[in-house]
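In UniProt numbering, the protein residues as written are 1 to 324. Where a beta carbon is used, it is the ideal one built from N, C-alpha and C, also for glycine. In what follows, a single structure is set out as C-alpha cells and then discussed.
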C-alpha cells in the first residue's frame with residue numbers, strides 16, 4: 001500500500017478514473033461524482049502524468065481506453081466490486097438484512113412485480129429490494145445493481161446471464177374495448193393503437209389476424225413509458241402491444257385479454273443479467289430464480305387460459321419447455 005500511494009496523485013484518482021472509464025465520457029463522470037467536468041479532466045491528466053502513460057484517447061463524442069487504460073480499469077473494477085461485496089456482507093451481518101438492487105422497467109415493476117410483492121416479501125423477509133427503473137426501452141450497462149432484465153440475442157447469453165423466456169408479443173385490450181371493436185360499427189371505425197414510441201407505429205401490421213378480421217388503425221396514442229401504454233389498455237383506451245413477461249398478470253386476472261388470437265415469438269430472449277467480473281451473491285441468485293419461476297408459472301397459466309394462442313408450441317420451438 002505505501003508503494004501504491006506513491007504511484008497515484010491521490011486515492012480519489014481511482015474513483016475518478018473508474019467513473020470516467022465506465023461512463024465513456026468526462027461530463028457524465030463529473031455528473032455522477034458531483035464535480036465539474038474540468039476537475040475530472042485535470043485529475044485524469046495528473047494521473048496520466050504520474051504514471052507516464054496515456055490511459056484515454058479522446059474520440060468524437062467521448063473517450064476510449066487505451067490498452068494500458070483497459071488493464072487498469074479491469075483491475076480497479078475487480079477491486080471495487082470486491083470492496084463493495086465486503087461492505088454489503090458486513091452490513092448484512094450487522095443488521096440481519098440483505099439488499100438486492102434490480103435494474104428493470106417501470107412497466108415490469110408496476111404491472112408484474114407490484115401485484116405479487118406480498119409473495120416476494122414472504123419469500124424473502126430479510127431482503128430489502130431496491131430498484132433502478134427504466135421508463136423507456138430497457139437496456140444499457142449494469143451500474144450499481146445486482147440484476148438487470150435485458151433482451152439479448154441467443155448468442156449474447158453468457159456466463160453472467162440466464163434465460164427467463166423468449167420475447168413473446170401479443171395484442172391486448174380490455175373487455176369493454178374488445179366488445180366494441182368486435183362489432184361491425186367498431187371494425188368500420190377502426191382501432192386506437194397504443195404505442196410506446198415512433199419505432200412501434202406499425203406494430204399491428206405484424207399481426208395478420210387484424211387484417212383478416214377487417215380491422216385497421218384509425219388513431220394512435222403514443223407514450224414514452226411502457227407502463228403508461230399498459231395502463232391505457234387497462235382503461236380501455238385502445239389496443240396495445242403486450243410483452244407477455246409484463247402483461248401476464250392482467251391476462252390471468254381478466255383485466256386484459258388478447259385482442260386477436262395471435263402471438264409472435266421473436267429471436268430475442270428476455271434474460272436476467274448480472275455485472276461481469278463479479279460473482280452473483282447467493283441472495284441475488286435466489287431472487288433471480290424466484291422471478292424466473294414466477295414468470296414461467298404465469299406462462300403456463302396463460303397457456304391454460306388461452307389455449308388457442310398456442311404458447312406451448314411456439315415457446316417450445318424457441319427452446320423453452322414450459323412444462324405442465
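Short CB-CB distance (under 8 angstroms) between residue i and chain C
i	result
residue 83	Of the chains in the structure shown, none is chain C; there is only one protein chain.
When the options are compared against residue i, the one with the closest alpha-carbon
i	options	result
residue 15	288, 78, 54	78
residue 26	151, 37, 113	37
residue 260	111, 266, 242	242
residue 159	139, 58, 190, 277	277
residue 190	81, 175, 207, 211	211
residue 294	275, 114, 135	114
residue 129	86, 310, 284	284
residue 257	266, 134, 244	244
residue 316	238, 279, 275, 165	165
residue 121	134, 100, 310	100
residue 24	51, 57, 11	57
C-beta contact flag for residue i and residue j at 8 angstroms
i	j	result
residue 246	residue 108	yes
residue 272	residue 161	yes
residue 5	residue 167	no
residue 233	residue 227	no
residue 177	residue 214	no
residue 255	residue 174	yes
residue 252	residue 298	yes
residue 71	residue 17	no
residue 111	residue 203	no
residue 29	residue 19	yes
residue 103	residue 152	no
residue 54	residue 48	yes
residue 265	residue 318	yes
residue 322	residue 281	no
Bridge-paired residues (DSSP) for residue i
i	result
residue 269	152, 166
residue 8	DSSP lists no partner for residue 8.
residue 104	133
residue 120	Partner(s): none; residue 120 has no beta bridge.
residue 221	194
residue 264	169
residue 99	128
- Contiguous beta strand (DSSP E) assignments of at least 3 residues, all confined to the segment 50-97: Runs of the beta strand (DSSP E) inside the segment 50-97: 56-59, 62-65.
- In the segment 128-201, which residue ranges form an unbroken beta strand (DSSP E) of at least 3 residues, counting only runs that do not cross its ends? If we require 3 residues or more, the beta strand (DSSP E) runs fully inside the segment 128-201 come out as 147-153, 161-173, 191-195.
- Answer yes if the segment 133-152 comes into contact with the segment 295-309, meaning at least three C-beta pairs across the two stretches below 8 angstroms, and no otherwise. With a cut-off of 8 angstroms, the segment 133-152 and the segment 295-309 do not count as touching, because too few Cβ pairs lie within range.
- Item | Every unbroken beta strand (DSSP E) inside the segment 229-261 [3 residues or more] | You should have 239-243.
- Query: Can you find at least 3 beta carbon pairs, one from the segment 214-232 and one from the segment 179-197, that sit closer than 8 angstroms?
  - Reply: Taking a cut-off of 8 angstroms for Cβ pairs, the segment 214-232 and the segment 179-197 touch, as three or more such pairs fall below it.
- Taking contact to mean at least 3 C-beta pairs separated by less than 8 angstroms, is the segment 174-188 in contact with the segment 279-294? Counting C-beta pairs with one atom in each stretch, the segment 174-188 and the segment 279-294 have fewer than three that are closer than 8 angstroms, which means they do not touch.
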